[in-house]
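Engineer: Heads up, the sequence shown is in this note's numbering, so the first residue is 415 and it goes up one at a time.
Here a beta-carbon is modelled for each residue, glycine too, at the ideal position from N, C-alpha and C.
These numbers were taken from a predicted model, which means no experiment stands behind them.
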Amino acid sequence: MPHVCSAYNCSNRSDKTKDITYFRFPLENEKLTQQWVVNMKRDKWYPTKSSFICSMHFEEKSMYFVNERRRLLANAVNAFVERDLQR
415 MPHVCSAYNC
425 SNRSDKTKDI
435 TYFRFPLENE
445 KLTQQWVVNM
455 KRDKWYPTKS
465 SFICSMHFEE
475 KSMYFVNERR
485 RLLANAVNAF
495 VERDLQR
């Protein structure tokens, strides 16, 4: 089953996009999860363990690479970044 980005108005899916990473929500950190949800501009929605948000919604400085895989910094917060407009 493909990963689908949960961000408002984002149509990225792992079976359609190759250079985008999909991150699970930090459900173990309620405060950080709430920040992500607020920044996503989705009212009355809360992520589950199968919810993802794609790397297009994070600034490059919030990510790093390990063995050619993109990872998030522990305190990374999603943001409306300019590349959101380029889709």
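Here's the rule: buried if 16 or more other CB atoms are within 10 angstroms of the residue's CB, otherwise exposed. What is F439?
Structural biologist: The residue in question, F439, is buried, as its Cβ has 16 or more Cβ neighbours within 10 Å.
Engineer: Distance check for W450 and A490, CA to CA, integer angstroms please.
Structural biologist: Approximately 9 Å between the Cα atoms of the pair.
Engineer: Under the three-state reduction of DSSP, which class applies to L446: helix, strand or coil?
Structural biologist: L446 falls in the helix class under three-state DSSP.
Engineer: One question on the structure: do E473 and A493 come within less than 7 Å of each other, judged by their Cβ atoms?
Structural biologist: Contact: yes.
Engineer: For the stretch 474 to 486 and the stretch 457 to 466, state whether three or more C-beta atom pairs, one from each stretch, are separated by less than 8 Å.
Structural biologist: No, the stretch 474 to 486 is not in contact with the stretch 457 to 466.
Engineer: Determine the direct distance from the alpha carbon of V418 to that of N426, and round the result to whole angstroms.
Structural biologist: Distance between the alpha carbons of N426 and V418 is about 6 Å.
Engineer: Can you give me the start and stop residues for the beta strand (DSSP E) that M477 sits inside?
Structural biologist: Element bounds for M477: M477 to V480.
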